[in-house]
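Protein chains: 2
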Amino acid sequence: MRARVLIRPKEGILDPQGEAVVRALPALGFNGVSNVHVGRLVELDVEDESQLEAMCQKLLANPLVEDYEIQTVSS
Amino acid sequence: MRARVLIRPKEGILDPQGEAVVRALPALGFNGVSNVHVGRLVELDVEDESQLEAMCQKLLANPLVEDYEIQTVSS
Chain W
17 MRARVLIRPK EGILDPQGEA VVRALPALGF NGVSNVHVGR LVELDVEDES QLEAMCQKLL
77 ANPLVEDYEI QTVSS
Chain G
17 MRARVLIRPK EGILDPQGEA VVRALPALGF NGVSNVHVGR LVELDVEDES QLEAMCQKLL
77 ANPLVEDYEI QTVSS
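If you read the sequences in order, they're chains W and G. This note's numbering numbers the first residue of the first sequence as 17 and each following residue consecutively. This note's numbering numbers the first residue of the second sequence as 17 and each following residue consecutively.
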């Protein structure tokens, strides 16, 4: 099964990459962009879907400062 | 409008983070995982959806080595 994990900085946690994007866009001529967050995307094939939650907790995300969302991808 | 951009290393481009995950998982007791790719996730509010493609080309992704996929998120 193909799975996709979306990992985002938690609400209230500093997001320097998001800040950098917000500041850079107007200089490039893009306006009307706000609320930018930059996170990570992990895509993987797993045999046992039930392990995904534990993988996120132990390796893929840092649960102290990141939230994650697991999606299954139909292939 | 809330948009989500999924950015992945292009096919054939080295993905050291994905390799690291593949190697680390068995040591943590997770087996049957393959084909792991680590990319970036950008979520943003945009007023003008038609600008997203250009933003990806110019700032959010590096089109030489990365593919990107734009999704709209219903809020």
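Quick reminder that beta carbons are idealized off the backbone N, C-alpha and C, glycines included. Remember, it's a predicted structure, so these values are computed and weren't measured experimentally.
Below-8 Å beta-carbon distance, residue i vs any chain G residue
i      : result
W/K26  : no
W/S66  : no
W/L146 : Any question about residue 146 of chain W goes unanswered here, given that chain W covers just 17 to 91.
Residue i at chain A interface by Cβ criterion, 8 Å
i     : result
W/L76 : The chain labelled as chain A is not found among the protein chains of the depicted structure, namely W and G.
Beta-carbon gap between residue i and residue j smaller than 8 Å
i     : j     : result
G/P79 : G/G55 : no
W/V58 : W/I29 : no
W/L76 : W/Y84 : yes
W/V38 : W/V52 : yes
G/G48 : W/D64 : yes
W/Q67 : W/R20 : no
G/M71 : W/L60 : no
Cβ of residue i within 8 Å of any chain W Cβ
i     : result
G/D61 : yes
G/M17 : no
Local Cβ density within 10 Å of residue i, reported as buried at 16 or more and exposed below that
i     : result
G/Q73 : exposed
G/L44 : exposed
G/V81 : exposed
G/M17 : exposed
Residues of the segment 35 to 58 of chain G whose Cβ lies closer than 9 Å to any Cβ of chain W, in chain order: V37, V38, A40, L41, L44, G45, F46, N47, G48, V49, S50, N51, V52, H53, V54, G55, R56, L57, V58
Taking only runs of the beta strand (DSSP E) that begin and end inside the segment 65 to 91 of chain W, which ones reach a length of at least 3 residues, in chain order? 82 to 89
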